[in-house]
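J.:
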């Protein structure tokens with residue numbers, strides 16, 4: 001049984017925008033993410049080294065949450081079982097205190113999805129460069 005040509009064209013016309021919108025629609029602007037990171041995160045966090053207030057973000061993607069040596073994480077973070085990726089970061093950065101009760105991160109979250117996507121894109125890009133990590 002073959003699909004009539006008109007129906008195939010109509011199906012393609014309807015499906016193509018959905019497929020294209022799904023491709024890369026979650027990607028953020030890493031350059032803008034860097035600006036947001038500098039403004040909102042860098043007072044405590046650093047890419048290259050942990051501070052007494054916050055763990056480093058170097059190599060964040062794929063790392064189990066609560067495992068940077070020497071940083072005193074909350075029990076909630078250590079027990080979360082999370083591995084940092086786009087989804088876990090998006091959930092956490094939306095509302096850290098609601099997403100992970102007991103966290104000690106002193107930031108209320110990014111309410112705008114675009115801001116989260118951009119910061120996540122910056123962190124993901126930075127995680128690809130091992131020279132960011134302090135030896």
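Residue numbers (UniProt numbering): 1 to 135.
We put the CB at the ideal spot given by N, CA and C, even for glycine.
If we count the other Cβ atoms within 10 Å of its Cβ and call it buried at 16 or more, is residue 43 buried or exposed?
T.: With fewer than 16 Cβ atoms within 10 Å of its Cβ, residue 43 is classed as exposed.
J.: Considering only residues of the same chain and omitting the five flanking positions on each side of residue 53, which have a CB-CB separation below 6 Å?
T.: The answer, listed in chain order, is 44.
J.: Report the three-state DSSP secondary structure of residue 24 (helix, strand or coil).
T.: Because residue 24 carries a pLDDT of 40, less than 50, the predicted location of this residue cannot be relied on, and the following value inherits that uncertainty. Here residue 24 sits in coil by DSSP.
J.: Using the beta-carbon count (16 or more within 10 Å), is residue 118 buried or exposed?
T.: Residue 118 should be labelled buried.
J.: Would you decide whether residue 89 is buried or exposed? Buried here means 16 or more other CB atoms lie within 10 Å of its CB.
T.: So residue 89 ends up on the buried side.
J.: From the DSSP output, in three-state form, read off residue 39 for me.
T.: It is helical.
J.: For a quick check, are the C-beta atoms of residue 106 and residue 84 less than 9 Å apart?
T.: Against a cut-off of 9 Å, the Cβ pair of residue 84 and residue 106 comes out as no contact.
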